[in-house]
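Numbering (the numbering used here), first residue to last: 516 to 818.
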């Protein structure tokens, strides 16, 4: 029996993950057995978390170890999602396991500080989850006019395939409308990946996410003021200082959409409101608005 356990918290950079097997894997599965009847996830039911910040723990079976559990599960403090269903669950045991094993996870930036960060994020998640979990997602407004002629449609169904496209393309892929299946990182394709996420501007000798994007041929438009460029489309970069980056993209009707990490692309912010301006949207821990940028179709390369 082998499991991959992922702390689903980042949008741009890869999430912390750990592979466990044998008795240890069985112990994890024993803690996440549904405590109630499985119900089908519908448009009117509670939805799997997909906002910015902490979204729970993802547990994936890498073999056929347990027929009683879905192959991929998303665990929140009180709910288990998997296989298109959900059930009540006491998820604190899984969180305790995560904290006990945190030193073994890969992709953890600063282990001591990260533990404090995730504790704060879990508290924030619990407060917000109760408030918005049952609010239906609004629909993308009909496009009666196209103020942003060259901007791509959200095309949510294409990005949200529940498989390779969704899980392996992040906010940077979605914002640039460029699928790589590599969880693209600003500057990586050009050999100039960011070296610091302390903010939009970083110390001398360091490269920011904005610097990496410029190296990938995105055009910095700090004075765009939420207005569409005549060519290409407008994107926006925000930062969770010290931890992560995130991107939004403007659609043909002037509204914004985004894709938090390996979750579904969405048209709402963390308050479940349609996004008219990413500067004023609820962005969770991504408190620093960095800049607007222009994506020229066919002129960028990300990876």
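Beta carbons are placed, not taken as given, at the ideal position from N, Cα and C, and that holds for glycine.
Checking contacts by CB at 7 Å: is residue 768 closer than that to chain B? The structure shown contains no chain B; it holds only a single protein chain.
Taking the CB atoms as reference points, tell me whether residue 709 and residue 753 lie closer together than 7 Å. The residue given as residue 709 occupies position 194 in the chain shown. The residue given as residue 753 occupies position 238 in the chain shown. Cβ distance not < 7 Å, so residue 709 and residue 753 don't count as in contact.
Could you give the first and the last residue of the continuous beta strand (DSSP E) run that contains residue 807? Numbered from its first residue, the chain shown carries residue 807 at position 292. 803–810 is the span of the beta strand (DSSP E), which, as asked, contains residue 807.
From this set, 591, 609, 587 and 622, which residue's C-alpha is nearest residue 599's C-alpha? Here residue 599 refers to the residue found at position 84 of the chain shown. The option with the nearest alpha carbon to residue 599 is 587.
Mind checking who residue 536 pairs with in its DSSP beta bridge? One-based indexing of the chain shown puts residue 536 at position 21. Paired residues: 517.
For residue 575, the residue or residues it bridges with in DSSP: Against the chain shown, residue 575 aligns to sequence position 60. Its beta-bridge partners are 519 and 587.
Hey, quick one: how far does the alpha helix (DSSP H) through residue 611 stretch, first residue to last? Along the chain shown, one-based indexing puts residue 611 at 96. Counting along the chain, the alpha helix (DSSP H) containing residue 611 begins and ends at 607–615.
Could you pull out every residue in the same chain whose Cβ sits closer than 7 Å to the Cβ of residue 591, ignoring the five residues on either side in sequence? The residue labelled residue 591 in the question sits at position 76 within the chain shown. Correct list, in chain order: 564, 571, 606 and 644.
State the Cα-Cα distance for the pair residue 577 and residue 530, rounded to the nearest angstrom. Position 62 of the chain shown, counted from the start, is the residue given in the question as residue 577. Position 15 of the chain shown, counted from the start, is the residue given in the question as residue 530. The alpha-carbon atoms of residue 577 and residue 530 are separated by roughly 17 Å.
Exposed or buried, residue 584, counting other C-beta atoms within 10 Å across all chains shown (16 or more means buried)? To locate residue 584, count along the chain shown from 1; it is residue 69. Classification of residue 584: buried, given that the 10 Å Cβ count is 16 or more.
Just tell me which of 524, 533, 668 and 688 has its CA closest to the CA of residue 615. Locating residue 615 in the chain shown gives position 100, counting from the first residue. Comparing Cα-Cα distances from residue 615 to each of 524, 533, 668 and 688, the minimum goes to 533.
Assign residue 790 to one of three DSSP states: helix, strand, or coil. The residue you call residue 790 lines up with position 275 of the chain shown. Strand at residue 790.
I'd like the list of long-range same chain contacts for residue 818, defined as Cβ closer than 7 Å, with 5 residues on each side in sequence excluded. Sequence index remark: in the chain shown, residue 818 carries index 303 (1-based). 695, 697, 699, 703 and 704, listed in sequence order.
Indicate whether residue 809 and residue 747 have their beta-carbon atoms separated by less than 7 Å. Position 294 of the chain shown holds residue 809. Position 232 of the chain shown holds residue 747. It is a contact, given that the beta carbons lie within the stated cut-off.
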